[in-house]
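Only one structure is covered here, and it is reproduced in the block below.
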Amino acid sequence: MMINHSKHVVPYSLTAPVWDWEMDVRDSRGNPVGETDLLRQIKENKKTGQITLARNLIGWVRPNEKAQDVIEVQMYYDLSRPGEYSIQVQRKFPSVSKDPIRSNRLSLTITS
649 MMINHSKHVV PYSLTAPVWD WEMDVRDSRG NPVGETDLLR QIKENKKTGQ
699 ITLARNLIGW VRPNEKAQDV IEVQMYYDLS RPGEYSIQVQ RKFPSVSKDP
749 IRSNRLSLTI TS
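For the sequence shown, this note's numbering begins at 649 and goes up steadily by one.
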């Protein structure tokens, strides 16, 4: 969920979640969770300039409004073991800040 707390309209694009968002996924001990083969392949393709976009949408969030995106985290990180995980995402909004904007850290429990 993106919430615009600024006083101006903020543009954003939705191309592919792995391009739009940087994800920090950790296990219950705080260790980074392993990447899936898909994410490793996407990163390798990016190095060679082979970028496949799943969508190509442009949107704007007005002041005090919200926009939403869905990320299938298990597509990119190995969440196959039961346990506690935490996830934090960030992305750049150049019209708001030169630094990436980070989400709250979310908790996730995988039972079996």
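Glycine included, each C-beta is placed from N, C-alpha and C at the ideal position. If you're wondering where the values come from, they're calculated on a predicted model, not measured in any experiment.
Collapsed DSSP secondary structure at residue i in the structure displayed
| i | result |
| --- | --- |
| Ile758 | strand |
| Lys746 | coil |
| Met671 | strand |
| Pro711 | coil |
| Met649 | coil |
Alpha carbon of residue i to alpha carbon of residue j, nearest angstrom
| i | j | result |
| --- | --- | --- |
| Leu650 | Ala702 | Sequence check: residue 650 is Met here, not Leu. Taking the straight line from one Cα to the other gives about 20 Å. |
| Pro730 | Asp668 | 27 Å |
| Gln689 | Pro680 | 18 Å |
| Val737 | Glu692 | 21 Å |
| Lys746 | Glu732 | 32 Å |
| Ile749 | Glu670 | 10 Å |
| Gln698 | Val673 | 25 Å |
| Ser661 | Thr759 | 34 Å |
| Asp675 | Gln722 | 13 Å |
| Asn704 | Arg739 | 16 Å |
| Asn752 | Ser734 | 10 Å |
| Leu687 | Glu720 | 12 Å |
For residue i, the first and last residue of its enclosing beta strand (DSSP E)
| i | result |
| --- | --- |
| Gln736 | 731-739 |
| Leu662 | 658-662 |
Residue-chain proximity (residue i, chain C), Cβ-Cβ < 8 Å
| i | result |
| --- | --- |
| Asn693 | Looking for chain C here will not work: only one protein chain is present. |
Enclosing alpha helix (DSSP H) for residue i [first to last residue]
| i | result |
| --- | --- |
| Ile690 | 685-695 |
Proximity test, residue i beta-carbon vs the ligand FMN heavy atom, cut-off 7 Å
| i | result |
| --- | --- |
| Ser745 | In the structure on display, the ligand FMN does not appear, and there are no ligands present to speak of. |
| Just checking, does the stretch 651-659 make contact with the stretch 706-719 on the three C-beta pairs under 8 Å criterion? | yes
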